Amino acid sequence: MKGLLIKDMRLTMKNYRMLIMFLCLAAFFVFSSTGVEFAIAYIMMFLGMSVMTTISFDEVDHSNAFLMTLPVTRKIYVREKYVFAGVCLLIGLVIGDVFGLLAQFIRPSGDFSLEFMIGSLATFIIYWNLVAIMIPIQLKFGGDNGRLVTIAIAAVLAAAIIGSMKLVELLSIDTQGIVNQLMIKVKETNGMILIIPIAIITIIVTASTMAIALKIMKKKQF
Amino acid sequence: MIEIRDVRKSYKSFELNCSMNVLPGCITGLVGANGAGKSTTFKSILGLLAPDSGEIRIFGKDISELTIAEKEKLGVVMTDSGFSEYMTVKDIVPILNAMYHAFDKNKFLEECERFQIPLNKKLKEFSTGMRAKVKILVAISHEANLLILDEPTAGLDVIARDELLELLRDYMNNERAILISSHISSDLEGFCDDIYIIHGGKIVLHEATDALTDEYGILKLDEKQYATIERKHLLYMKKEAYGYCCLTKEKQFYAENYPDIVMEKGSIDDVLIMMERGERL
Amino acid sequence: MRIILNNASMQPIYEQIVEQIKLQVVDGSLVEETPLPSVRNLSKDLKISALTVKKAYDVLEEDGYVVTIHGKGSYIARISVGMLKEERHREIELHMESVLREAKNAGMQSEEIKKMFLLLLEE
């Protein structure tokens, strides 16, 4: 796996111009009034996408066929993509927190606190799940098609959410009440109560998407 | 070291059905026209394509069962696939170092210098010749015992080909084996110990290289000679503008009994052309 | 040891090697106990298949010109003059056989052949 990680890191660094640009943009967001949260989301998204880019690179000049003849298995290939995604997002988390801290020094507005760090951790988790879901999609459908499929899935999800919201309205369930109660509980335990369900969901998403990605890889012919 | 038995794969216009063996200490060649099935065979051996039926074994195991350590003993060159074109040789070195325990970094860099391979240029900016050289150097940089090379000399001029074949010859020993495909038959004749000819997805010939040159011959006949000659040992016939060309495996027979007939030494190219464009007798 | 191969010749490569080594043994340029290069090294140097070299070495061993010691390699054997003579005689006999065959094919009768032979002998 180490060799594959080195490869993906070097490929990502090829775009160093873009990386520097994005860092500057992110810094701008942080130190301007737009706010740190947006900057963090932006950083995470960018870094999370780099795993997709490496998958595209592998595919575009058929280098994945050659990769499979190297001392790696398809299982390792899939795992490495997840590890790489995790590392990238972790870097994003650290950068985000560091920026937040710096912003605090420049303009002490009490933004940086435990709440902030929890917020950035939450963003990390959300993006991790998103990327985990996108990996098998990208592996199956390839670069351009993968993006289309992801948009399609997002659209379906959005429709499902809107649909269920309408349904809830129809059935006159007091969602507002439930949400309020939930919010109180969350504030009480400082968000801790959400940890277990979120952790469970994340573990399920990670394990299942990895298994699906592995299945896709095993079937792949070059 | 490689055993292929009755491997079949069907495509729309083509069906592969072949059996092959590569023994340790041997250099085995696979020759065939474009589309005859060379790449399909190679990809099946390497586990990149799943055959419909048949057995493929490398180092005695199915390729999907090879451990990482065993895969380190494999060196591969493919025509249309390699490291990403955006990498430079400098990028590739640490990757090879991490993947292969036996990677010899200094030797690899020395060989790159010897062949004047730029370390900081992206692969996509390499000439065809340079690309081929790098691929081969990579394949032999980590003490691989089995080299599987799909057209490694394609696109190289004759001097580069000679240099690279010599590199491969020096690399060989009695524990190693090479499976090489090419459509430059002359390269293979002086290099391989045995040759498989593949045509239309099937292995149509398997001979030791010296049998091809010693026992096979091309007879050139005019109408009269063709009409009266003993046809028992003729394999293929091709009608030419001014006569007939015939392929035989019994060169001695015809040399002794028909000493007047023009006979040429057999070569892989001749056999290929006769099989492709001649009639089987 | 000196070996020059003619790829265009009708004579099989292994035969060319056998012949040239034999000649050098006979004229003394290859002395007994001289080690022969390994099969692989010779095939690399001559740019031919290792199998061809092996075939040549096998024939040389069969004909008594080479001795292989397991684990050490192949060496030029001790050649007795008597054996060389025998070998040459055998070759001459083969030549004669092929000439006779040709003569018969050309339609010559035994008497004609004998006559021609005796005439040539007297020259």
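Residue numbers (our numbering), protein chains in the order written: chain A, 1075 to 1296; chain B, 184 to 464; chain C, -17 to 105. The beta-carbon is built from N, C-alpha and C at its ideal position, and this holds for glycine as well. Values in this document were obtained by computation on a predicted structure and should not be read as measured data.
Alpha-carbon spacing of residue i relative to residue j, whole angstroms
i, j, result
"N200 (chain B)", "A219 (chain B)", "11 Å"
"R359 (chain B)", "F99 (chain C)", "57 Å"
"M270 (chain B)", "M184 (chain B)", "32 Å"
"E248 (chain B)", "R352 (chain B)", "30 Å"
"S128 (chain C)", "K288 (chain B)", "For residue 128 (chain C) there is no data in the structure shown, the boundaries of chain C being -17 and 105."
"L257 (chain B)", "K86 (chain C)", "60 Å"
"Y47 (chain C)", "H284 (chain B)", "46 Å"
"L1164 (chain A)", "E268 (chain B)", "28 Å"
"Q(-7) (chain C)", "H77 (chain C)", "16 Å"
"V190 (chain B)", "G237 (chain B)", "4 Å"
"F1158 (chain A)", "A1287 (chain A)", "15 Å"
"T396 (chain B)", "S80 (chain C)", "23 Å"
"D453 (chain B)", "K1292 (chain A)", "42 Å"
"T50 (chain C)", "E398 (chain B)", "28 Å"
"Y194 (chain B)", "I1269 (chain A)", "52 Å"
"E390 (chain B)", "A233 (chain B)", "28 Å"
"Q1212 (chain A)", "V276 (chain B)", "28 Å"
"I1277 (chain A)", "M1239 (chain A)", "27 Å"
"K67 (chain C)", "I342 (chain B)", "46 Å"
"F1131 (chain A)", "D1082 (chain A)", "9 Å"
"M1191 (chain A)", "T1197 (chain A)", "10 Å"
Own chain, CB closer than 8 Å to residue i, minus 5 neighbours either side, in chain order
i, result
"A438 (chain B)", "G400 and M446"
"I228 (chain B)", "I185, I187, I239, I241, I246, I331 and L362"
"T1283 (chain A)", "A1206, I1207, I1209 and P1210"
"P19 (chain C)", "M(-17) and D27"
"S(-9) (chain C)", "Q(-2)"
7 Å Cβ shell around residue i - same chain, five flanking residues per side excluded
i, result
"M1208 (chain A)", "M1126 and T1224"
"M313 (chain B)", "I300"
"R72 (chain C)", "none"
"G1216 (chain A)", "E1133"
Residue i: contacting residues in chain B (beta-carbon distance under 8 Å)
i, result
"Y(-4) (chain C)", "D393 and D397"
"T1086 (chain A)", "The premise fails here: T1086 (chain A) is roughly 11 Å from chain B at the closest Cβ pair, so nothing lies under 8 Å."
"K37 (chain C)", "D393"
9 Å Cβ cut-off: residues of chain B touching residue i
i, result
"L18 (chain C)", "Under the 9 Å cutoff, chain B gives no residues; its nearest Cβ is about 16 Å from L18 (chain C)."
Residues that residue i contacts on chain C, provided the C-beta gap is smaller than 7 Å
i, result
"D376 (chain B)", "S31, A32 and L33"
"D353 (chain B)", "K26"
"G373 (chain B)", "K29 and I30"
Local conformation of residue i per DSSP, three classes
i, result
"R60 (chain C)", "coil"
"A85 (chain C)", "helix"
"M270 (chain B)", "coil"
"D189 (chain B)", "strand"
"S196 (chain B)", "coil"
"H77 (chain C)", "helix"
"S1238 (chain A)", "helix"
"D377 (chain B)", "strand"
"C1162 (chain A)", "helix"
"G312 (chain B)", "helix"
"H71 (chain C)", "helix"
"D405 (chain B)", "coil"
"N289 (chain B)", "helix"
"P17 (chain C)", "strand"
"C429 (chain B)", "strand"
"M203 (chain B)", "strand"
"Y1156 (chain A)", "helix"
"K4 (chain C)", "helix"
"L231 (chain B)", "coil"
Other residues of its chain near residue i: CB distance less than 6 Å, five sequence neighbours each side excluded
i, result
"E429 (chain B)", "Checking the sequence shown, residue 429 (chain B) turns out to be Cys, not Glu. The answer, listed in chain order, is L402, L417 and M420."
"Y426 (chain B)", "Sequence inspection shows Gly at residue 426 (chain B); the Tyr mentioned does not correspond to that position. Taken in chain order, the residues that qualify are L404 and D405."
"V35 (chain C)", "V21, L24 and S25"
"I1150 (chain A)", "M1075"
Chain-ordered neighbours of residue i on chain C, where CB pairs are closer than 9 Å
i, result
"G461 (chain B)", "Those within 9 Å of G461 (chain B) in chain C number zero; the least Cβ separation is about 22 Å."
Chain B residues whose Cβ lies nearer than 7 Å to that of residue i
i, result
"A1139 (chain A)", "L231, M261 and S264"
"K1081 (chain A)", "I278"
Closer than 7 Å at the beta carbon, the chain A residues around residue i
i, result
"E268 (chain B)", "D1135"
Where residue i meets chain A, residues with beta-carbon distance less than 9 Å
i, result
"M446 (chain B)", "Within chain A, no residue comes near M446 (chain B); the closest Cβ sits about 44 Å away, beyond 9 Å."
"K192 (chain B)", "Near K192 (chain B) there are no residues of chain A at all, since even the closest Cβ is about 10 Å away, more than 9 Å."
Under 8 Å by beta carbon: chain C residues contacting residue i
i, result
"N357 (chain B)", "R22"
Contacts that residue i makes with chain A (C-beta to C-beta distance below 8 Å)
i, result
"Y425 (chain B)", "What Y425 (chain B) touches in chain A: nothing, since even the nearest Cβ is about 47 Å away."
"A410 (chain B)", "Within chain A, no residue comes near A410 (chain B); the closest Cβ sits about 52 Å away, beyond 8 Å."
Report task. With 8 Å as the C-beta to C-beta threshold (strictly closer), list the residues of the segment 250 to 262 of chain B near chain A in chain order. Result -> I251, A252, K254, E255, L257, V259 and M261
Query raised in the report: What residues from the segment 333 to 347 of chain B come within 7 Å of chain C, judged by C-beta to C-beta, listed N to C?
Result: none
Query raised in the report: Listed from N- to C-terminal order along the chain, which residues in the segment 1206 to 1224 of chain A have their beta-carbon within a distance smaller than 7 Å of any beta-carbon of chain B?
Result: none
Query - the segment 1109 to 1127 of chain A: positions lying closer than 9 Å to chain B by Cβ - result: none
Report task. With 9 Å as the C-beta to C-beta threshold (strictly closer), list the residues of the segment 85 to 98 of chain C near chain B in chain order. Result -> N87
Query raised in the report: Using a Cβ cut-off of 9 Å, which residues of the segment 1150 to 1161 of chain A contact any Cβ in chain B, in chain order?
Result: I1150
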